[in-house]
Structures are given as C-alpha cells and as structure tokens.
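Novice:
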Amino acid sequence: MVSIIISAYYLYSGYKQESELSEMAAEVDCGDFQHLPYRLMEVKTGKLSDASRTDPTVLVFVESQYSSLGQDIIMILESSRFQYHIEIAPGKGDLPALIEKTRGKYILIIYENILKYINMDSWNRSLLDKYCAEYGVGVIGFHKTSEKSLQSFQLKGFPFSLYGNLAVKGCCINPHSPLLHVTKSSKLEKGSLPGSDWTVFQVNHSAYQPVIFAKVKTPENLSPPISKGAFYATVVHDLGLHDGIQRVLFGNNLNFWLHKLIFIDAVSFLSGKRLTLSLDRYILVDIDDIFVGKEASIEGRTGKSPLAKDKGHRELLQNPGYGVIKTAAQLQKVQE
1 MVSIIISAYY LYSGYKQESE LSEMAAEVDC GDFQHLPYRL MEVKTGKLSD
51 ASRTDPTVLV FVESQYSSLG QDIIMILESS RFQYHIEIAP GKGDLPALIE
101 KTRGKYILII YENILKYINM DSWNRSLLDK YCAEYGVGVI GFHKTSEKSL
151 QSFQLKGFPF SLYGNLAVKG CCINPHSPLL HVTKSSKLEK GSLPGSDWTV
201 FQVNHSAYQP VIFAKVKTPE NLSPPISKGA FYATVVHDLG LHDGIQRVLF
251 GNNLNFWLHK LIFIDAVSFL SGKRLTLSLD RYILVDIDDI FVGKEASIEG
301 RTGKSPLAKD KGHRELLQNP GYGVIKTAAQ LQKVQE
C-alpha cells in the first residue's frame, strides 16, 4: 500500500509542522486526503504566455551537446513536434537575444542544470527574469546531484530546503496540481525508483506546490535529519506568486517514466497549452500480420487465399495495403 503525506508548508506559509506531518506520513494513504491535518484547495498561479507576444519556440540551455539529460529533453520536444532552440548554458557571458522587434522569441525556457540559472550573474539574471515576467514565460529546471554535491542545502532565492544523493521509493501525484494534463493523479508507482541520486524538496511556502511525492529510502547521515516515514516532493511547481514567473523544478532527470509525463504536462501548462499533446489516441491494425499467422492463430493459410482471390473484399478497406479495419464486424465480414 502506497502512503503519502502532502506537506502543509505550501498551504500555510511560515508555519512549520514537521514533527506532526512526519508522524502522520506512514498512516495516510494516497486517497485519504480527508485525514490530512490541513485542507487541500485549488491554487492561483501567475500569468501564462501571451500567444500574440511570443513565438512558439522553446529555448533549451544544455550542459553540452552530448549531455544525456539534454538529449532526453530534445528527444521529447522533437517527438512532440515542438520547435526549440539549443544553447550551451553559459557560465559567464551574455544571453542569446530574447526579443525581436518587441516580440518575444521564446515561449518557454528550459535549463538542464537549474544551478546555471540560480547562479547566473545578477545582470543576466535580471534580464532573463524581466523577460519572463513581462512576456509570461515560464522556466523548467532539473537538479541532478553528483558525488560531490551537498546532501542538504537551500537554493538561492527559494524558501525551501533540498536533500540530495538519496534513494527514494513509492510515489504519488498531487491531484490538485494545475499541471496535470496527460498525467492522471490515480497513477501510482510502488517500490524503489531508479537511481540513488535523487534530490527531494522540503517545501515550506504557500507559493510553491509539490507535484510528485516520494518517500526517502536512505536518509542516513543527513543534517538536519529527515524521517523515513515522510513523503517529500521530487517535483515542485513555483506558482509565480512572488515575482510573476512560474517555474517547475525536477529533483532528478527524465529516466523515471512519471517525470517524463510531468515534463510534457509542464511544457503544455507553462506554454498556455500552445505546446501540448492531444489526448486522442489512434490504433493502426496491420492486417497482413493477421492473415499470415501460424496455425491455430487468428487466420492461417486457409483464410489467406479466399481474401486474396475475392477482390470484392478489398472494398472494405481504404487504400488496400495500408488501410485499417475499424470494427470487429468488418473483420468478421472479411473472414466470411
């Protein structure tokens, strides 16, 4: 049974209930929201991108052109047929041009390494934040720990703590997150999640909403210590209430399948649904495989010859050879 505790920090700013929430973490199930020591509610967010003022192009800052996470990000954008522009994240130096003739060139900013955004020099950071706030452009960032990373730290400018280099297990989705589109809140993941280099967020401000929760599996030697029984966020949504800029922060890469879905939903939400995937799904049936199957399968050799000889049956298919039998009734008619 997967358990969850949704931190009261993001709904009640400034008030800490760490000990109380940790004690309840092992007792509350994903569906038992009525038992939590606070009230869940819909949240307000900052403004989203204005379609008339920005081009539907994503600006992606990668560590290098060969980085694994950067390639995963590009692969998802390409497979979704979203336009993008790649830049090597500068340690120092100027940003690429963000505006052309008063029109924003990018609808969304993605950082493979969120620390490159956090630690940007004040001049370029102010330019980027001004662009994002004025044009309603959101930011997506990933925090990936390494062996040299601190296990407990705080991101500059963000009022919550991070714990790194952890193994996590079991996760649940916040059903009240406005990001959800392809992802459904009923989807749960049991058991250990891949990797032992996760970063989890301990949110303590109402302007930041956890999206995915996971339980820490190996919290030894952390300072300050955290509870094995508590759930912590692996994805956090900055609602943009502080500076007008919405951000989505991931505590790991995209190897975990649920992070891929949330990433797709984050792109959709932060782009104002301009870069979104349809929920419609189509099934293509290759009838060649049906009629040349093994004995005792759907169709054998005896079923193949009558179909090939009778040209009248081909009228059931549009563009024979590439058509689709849409209903079981049509398939039955062909077999007869």
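Residue numbers (full-length UniProt numbering): 1 to 336. Idealized CB from N, CA, C, for every residue including glycine.
In the DSSP assignment, find the unbroken beta strand (DSSP E) run with Lys169 in it and report its ends.
Specialist: Taking the sequence shown and counting its residues from 1, one reaches residue 169 at position 169. Run containing Lys169: 168 to 173, per the beta strand (DSSP E) assignment.
Novice: What does the Cβ neighbour count give for Lys144, buried or exposed, with the cut at 16 atoms within 10 Å?
Specialist: The sequence position of residue 144 within the sequence shown is 144, counting from 1. Buried, because 16 or more other Cβ atoms sit within 10 Å of the Cβ of Lys144.
Novice: Leaving out five residues before and five after Glu23 in sequence, what residues of the same chain have Cβ atoms less than 6 Å from its Cβ?
Specialist: For the purposes of this step, residue 23 is taken as the residue at position 23 of the sequence shown. With a pLDDT of only 36 at Glu23, under the threshold of 50, the placement of this residue in the model should not be trusted; the figure read from the coordinates follows. Excluding residues within five positions, none has a Cβ falling inside 6 Å.
Novice: Please report how far the alpha carbon of Lys260 lies from the alpha carbon of Val182, in whole angstroms.
Specialist: Along the sequence shown, read from residue 1 onward, the residue named residue 260 stands at position 260. Along the sequence shown, read from residue 1 onward, the residue named residue 182 stands at position 182. When rounded, the distance between both Cα atoms is 10 Å.
Novice: On the three-state DSSP scale, how would you describe Leu108?
Specialist: Locating residue 108 in the sequence shown gives position 108, where the first residue counts as 1. In this structure, Leu108 counts as strand in the three-state DSSP scheme.
Novice: Are Thr45 and Leu239 close, meaning C-beta to C-beta below 8 Å?
Specialist: By one-based count along the sequence shown, residue 45 stands at place 45. By one-based count along the sequence shown, residue 239 stands at place 239. The answer is yes: Cβ separation under 8 Å.
Novice: Rounded to whole angstroms, what's the CA-CA distance from Arg209 to Val203? Just pull it up for me.
Specialist: Mapped onto the sequence shown, residue 209 falls at position 209. Mapped onto the sequence shown, residue 203 falls at position 203. Checking the sequence, you will find Gln at residue 209 rather than Arg. Their Cα atoms are separated by approximately 8 Å.
Novice: Exposed or buried, which one is Trp198 when buried takes at least 16 other CB atoms within 10 Å?
Specialist: The sequence position of residue 198 within the sequence shown is 198, counting from 1. So Trp198 ends up on the buried side.
Novice: Could you pull the DSSP bridge partners for Lys141 from this structure?
Specialist: Here residue 141 corresponds to residue number 141 of the sequence shown, with the count starting at 1. A quick correction: the sequence has Gly, not Lys, at residue 141. According to DSSP, which records beta bridges pairwise, Gly141 is partnered with Tyr111, Leu249.
Novice: Just to confirm my understanding: we take Pro96, look at its own chain, exclude 5 residues before and 5 after, and list those with CB closer than 6 Å. What are they?
Specialist: For the purposes of this step, residue 96 is identified with residue 96 of the sequence shown, where counting begins at 1. The residues are Glu87.
Novice: Suppose the cutoff is 8 Å on Cβ atoms and the five residues either side in sequence are ignored; what does the same chain contact list for Gln154 look like?
Specialist: Here residue 154 corresponds to residue number 154 of the sequence shown, with the count starting at 1. Here the set comprises Phe160, Ser161, Leu162.
Novice: Report the rounded CA-to-CA distance for Gly70 versus Leu284, giving the unit in angstroms.
Specialist: Translated into the one-based positions of the sequence shown, residue 70 becomes position 70. Translated into the one-based positions of the sequence shown, residue 284 becomes position 284. Cα to Cα, the separation comes out at about 32 Å.
Novice: Using a Cβ-Cβ cut-off of 7 Å (strictly less than) and excluding sequence neighbours within five positions of Ala266, which residues of its own chain qualify?
Specialist: As a position in the sequence shown, residue 266 is number 266, starting the count at 1. Only Ile140, Leu179, Val248 meet the Cβ criterion.
Novice: Check whether the Cβ atoms of Leu108 and Leu270 sit closer than 8 Å, and answer yes or no.
Specialist: Against the sequence shown, residue 108 aligns to sequence position 108. Against the sequence shown, residue 270 aligns to sequence position 270. Their beta carbons are under 8 Å apart, which means Leu108 touches Leu270 by this criterion.
Novice: Just to confirm, is the Cβ distance from His85 to Thr57 under 8 Å?
Specialist: Here residue 85 refers to the residue found at position 85 of the sequence shown. Here residue 57 refers to the residue found at position 57 of the sequence shown. Contact: yes.
Novice: Quick one: grab the DSSP three-state call for Gln209.
Specialist: The residue you call residue 209 lines up with position 209 of the sequence shown. Three-state DSSP puts Gln209 in a strand.
Novice: Which residue's Cα is closest to the Cα of Asn119: Gln246, Gly104, Phe158, Glu100?
Specialist: In the sequence shown, residue 119 corresponds to position 119, counting from 1. Of the listed residues, the one whose Cα sits closest to Asn119 is Phe158.
Novice: Using DSSP with H/G/I as helix, E/B as strand and the rest coil, what is Glu63?
Specialist: Within the sequence shown, residue 63 is the residue found at index 63, counting from 1. Coil, per DSSP.
Novice: Let me check one thing: in DSSP terms, what residues is Lys215 bridge-paired to?
Specialist: As a working mapping, residue 215 is identified with position 215 in the sequence shown. Paired residues: Lys169, Phe231.
Novice: Between the Cα of Lys273 and those of Gly138, Cys132, Leu128, spot the shortest distance and give me the residue it belongs to.
Specialist: Position 273 of the sequence shown, counted from the start, is the residue given in the question as residue 273. Cα-wise, what sits closest to Lys273 is Gly138.
Novice: Put Val267 into one of helix, strand or coil per three-state DSSP.
Specialist: Locating residue 267 in the sequence shown gives position 267, where the first residue counts as 1. DSSP places Val267 in helix when its eight states are reduced to three.
Novice: Based on the DSSP output, what are the partners of Leu162 in its beta bridges?
Specialist: If you number the sequence shown from 1, residue 162 lands on position 162. Answer is Phe153, Phe201.
Novice: Looking only at its own chain, which residues have a Cβ that is under 7 Å from the Cβ of Leu77, when we skip the five neighbours before and after it?
Specialist: Translated into the one-based positions of the sequence shown, residue 77 becomes position 77. Correct list, in chain order: Val58, Tyr84.
Novice: Would the beta-carbon of Gln133 fall within 8 Å of that of Gly244?
Specialist: Indexing the sequence shown from 1 puts residue 133 at position 133. Indexing the sequence shown from 1 puts residue 244 at position 244. The amino acid occupying residue 133 in the given sequence is Ala; Gln does not appear at that position. In contact: Ala133 and Gly244 (Cβ atoms closer than 8 Å).
Novice: Which residues in the same chain as Gly164 place their Cβ atom closer than 6 Å to its Cβ, once the five residues preceding and following it in sequence are excluded?
Specialist: Within the sequence shown, the letter at position 164 stands for residue 164. Answer for Gly164: Thr145, Ser149, Gln151, Thr199, listed in chain order.
Novice: Based on DSSP bridge pairs, tell me the residues matched to Val236.
Specialist: Locating residue 236 in the sequence shown gives position 236, counting from the first residue. Pro210, Leu249, per the DSSP bridge assignment.
Novice: What span of residues does the beta strand (DSSP E) with Ile283 cover, start to end?
Specialist: Reading the sequence shown from its first residue, position 283 is the one you call residue 283. Looking at the DSSP string, Ile283 is not in any beta strand (DSSP E), and its letter there is neither H nor E.
Novice: Roughly how many angstroms lie between the CA atoms of Thr54 and Trp257, to the nearest whole one?
Specialist: Here residue 54 corresponds to residue number 54 of the sequence shown, with the count starting at 1. Here residue 257 corresponds to residue number 257 of the sequence shown, with the count starting at 1. Between Thr54 and Trp257, the C-alpha separation is close to 30 Å.
Novice: From this set, Val235, Tyr66, Met75, Lys105, which residue's C-alpha is nearest Ser52's C-alpha?
Specialist: Along the sequence shown, read from residue 1 onward, the residue named residue 52 stands at position 52. When each option's Cα is compared against that of Ser52, the closest is Lys105.
Novice: Just confirm the distance between the C-beta atoms of Val211 and Asn174, as a whole number of angstroms; I'd bet it's less than 8 Å.
Specialist: Position 211 of the sequence shown holds residue 211. Position 174 of the sequence shown holds residue 174. Yes, Val211 and Asn174 are in contact; Cβ-Cβ is about 6 Å, under 8 Å.
Novice: Between the C-alpha atoms of Cys172 and Thr234, what's the straight-line distance to the nearest angstrom?
Specialist: Within the sequence shown, the letter at position 172 stands for residue 172. Within the sequence shown, the letter at position 234 stands for residue 234. Spanning the two alpha carbons is a distance of roughly 10 Å.
Novice: Assuming Val168 and Ala214 form a contact by the criterion Cβ under 8 Å, report the distance between their Cβ atoms to the nearest whole angstrom.
Specialist: Sequence index remark: in the sequence shown, residue 168 carries index 168 (1-based). Sequence index remark: in the sequence shown, residue 214 carries index 214 (1-based). Their Cβ separation, rounded to whole angstroms, is 4 Å, which keeps Val168 and Ala214 in contact under 8 Å.
Novice: So the candidates are Val236, Gly191, Ala89; which of them puts its Cα closest to the Cα of Ser206?
Specialist: Indexing the sequence shown from 1 puts residue 206 at position 206. Cα-wise, what sits closest to Ser206 is Val236.
Novice: What does the alpha-carbon distance come out to for the pair Tyr66 and Tyr117?
Specialist: Translated into positions along the sequence shown, residue 66 becomes position 66. Translated into positions along the sequence shown, residue 117 becomes position 117. C-alpha separation (whole angstroms): 20 Å.
Novice: Compute the Euclidean distance between the alpha carbons of Ser185 and Leu254, then round it to the nearest angstrom.
Specialist: Position 185 of the sequence shown, counted from the first residue, corresponds to residue 185. Position 254 of the sequence shown, counted from the first residue, corresponds to residue 254. The straight-line gap from Cα to Cα measures roughly 19 Å.
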